[in-house]
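> All residue numbers for the sequence shown refer to the working numbering, where the first residue is 34 and numbers rise by one.
Before I ask anything, let me first share the structure, which is written out below as structure tokens.
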Amino acid sequence: MNVAVLITGGKDSALALYRILKRGYRVKYLVAVFPEREDSWMFHYPNIHITEFFAEAVGIPLVKGRTVGIKEEEVEDLKDLLAGLDIDGVVSGAVASQYQKTRIDKVCQQLGLKSIAPLWNEKPENLLRELLENDFEVMIVGVYALGFTQDWLGRKIDEETVQELLRLHERYGVSPIGEGGEYESLVLDAPYFKKKIQILETEKVWRENQGYLLAKRVKLVPK
34 MNVAVLITGG KDSALALYRI LKRGYRVKYL VAVFPEREDS WMFHYPNIHI TEFFAEAVGI
94 PLVKGRTVGI KEEEVEDLKD LLAGLDIDGV VSGAVASQYQ KTRIDKVCQQ LGLKSIAPLW
154 NEKPENLLRE LLENDFEVMI VGVYALGFTQ DWLGRKIDEE TVQELLRLHE RYGVSPIGEG
214 GEYESLVLDA PYFKKKIQIL ETEKVWRENQ GYLLAKRVKL VPK
């Protein structure tokens with residue numbers, strides 16, 4: 034089956050891509066939607082530009098689209114982007130967000146495509162451990178929930194980080210995988226990367242009790 038994988042540069046879409054490749058699907062395209070506003074309902078805003086490096090590191094063509102980020106118009110923008118692709122299905126990294134999954138399902142139904150969500154309804158802790166076990170290098174680049182501090186920005190996900198995320202879940206109800214938008218991540222290396230992503234310069238943006246780390250200069254380096 035020929036598929037396109039929706040990517041953000043973050044861990045969920047990267048793990049979904051990993052599983053799809055292992056299952057033998059032919060990934061013809063990676064698809065990234067660039068929102069023009071920070072409060073997009075459907076798509077990541079900070080560091081979405083890194084998807085260009087992500088795609089080059091993987092060696093799969095990237096299809097880019099833009100959206101103004103208005104609630105339901107985002108879905109139509111995604112539909113227009115996918116409509117021109119020669120594919121049989123669309124893969125997303127949705128884990129528990131009904132808002133995200135139902136809209137992707139609807140777009141696929143309208144286009145006659147299969148909607149594939151390989152991580153759907155899986156236990157967040159298991160997904161985090163799968164990332165660790167398969168040597169994904171993941172950096173936290175945005176925090177938006179109670180319990181997180183500036184110190185989390187730029188932090189790599191390791192066993193200690195997983196334990197702290199589980200504690201935040203117990204205390205504040207934070208999703209350990211960040212499915213509710215509690216935090217965002219950036220994948221710097223993955224089993225299927227031909228090169229690694231190296232961040233050379235960052236800018237920290239912090240507003241009251243939330244913020245993000247913007248990757249300003251990036252390059253690909255040998256693994």
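Just so you know, even glycine gets a beta-carbon here, dropped at the ideal spot from N, CA and C.
Only counting runs of 4 or more residues, tell me where the alpha helix (DSSP H) segments fall wholly within the segment 87–163, in order along the chain.
DSSP runs (the alpha helix (DSSP H)) wholly in the segment 87–163: 106–116, 131–144.
> With DSSP run on the structure shown, which of helix, strand or coil describes Ala223?
Three-state result, Ala223: coil.
> So what does Trp239 bridge to, in DSSP terms?
Partner(s): Gly244.
> Going straight from the alpha carbon of Lys228 to that of Leu253, what length do you get?
Taking the straight line joining both Cα atoms gives about 6 Å.
> Give every residue of the same chain whose Cβ lies closer than 6 Å to the Cβ of Phe76, excluding the five residues on either side of it in the sequence, and list them in chain order.
For Phe76, the predicted structure reports a pLDDT of 49, less than 50, and the residue's modelled location is therefore unreliable. A value from the coordinates is still provided. So the qualifying residues of the chain are Val66, Pro68.
> Cβ atoms of Ile137 and Lys61: under 8 Å apart, would you say?
Against a cut-off of 8 Å, the Cβ pair of Ile137 and Lys61 comes out as no contact.
> State yes or no: is the C-beta of Leu219 within less than 8 Å of the C-beta of Ala248?
Contact: yes.
> Can you check whether the CB of Val128 is closer than 8 Å to the CB of Pro11?
Since the first residue of the chain shown is 34 and the last is 256, residue 11 is not available in this structure.
> Taking the straight line between their C-alpha atoms, what separation do you get for Leu26 and Lys55?
Because the chain in this structure spans residues 34 to 256, residue 26 falls outside the shown range and cannot be described.
> Are the segment 191–200 and the segment 41–59 in contact at 8 Å, needing three or more beta carbon pairs?
With a cut-off of 8 Å, the segment 41–59 and the segment 191–200 do not count as touching, because too few Cβ pairs lie within range.
> Look at the alpha carbon of Asp113 and the alpha carbon of Pro224, and state the distance between them as a whole number of angstroms.
Straight-line Cα distance between these residues: approximately 31 Å.
> Assuming Ala37 contacts Leu144 under a Cβ cut-off of 8 Å, what Cβ separation, rounded to an integer in Å, is found between them?
Ala37 to Leu144, Cβ: 11 Å. No contact.
> For Leu146, count neighbouring Cβ atoms within 10 angstroms of its own Cβ and tell me buried if that reaches 16, exposed if not.
When all chains shown are included, Leu146 counts as buried.
> For Asn80, count neighbouring Cβ atoms within 10 angstroms of its own Cβ and tell me buried if that reaches 16, exposed if not.
Label assigned to Asn80: buried.
> Name the residue from Lys134, Ile93, Val207, Asp45 whose alpha carbon lies nearest to the alpha carbon of Leu179.
Leu179 has its Cα closest to that of Val207, out of Lys134, Ile93, Val207, Asp45.
> Tell me, please, which residues DSSP counts as bridged to Tyr2.
The structure shown does not extend to residue 2, since the chain spans only 34 to 256, so no value can be given for it.
> Once the 5 residues before and after Glu212 are set aside, which same chain residues still bring their CB inside 6 Å of it?
Same-chain partners within the cutoff: Val128, Ala129, Ser130.
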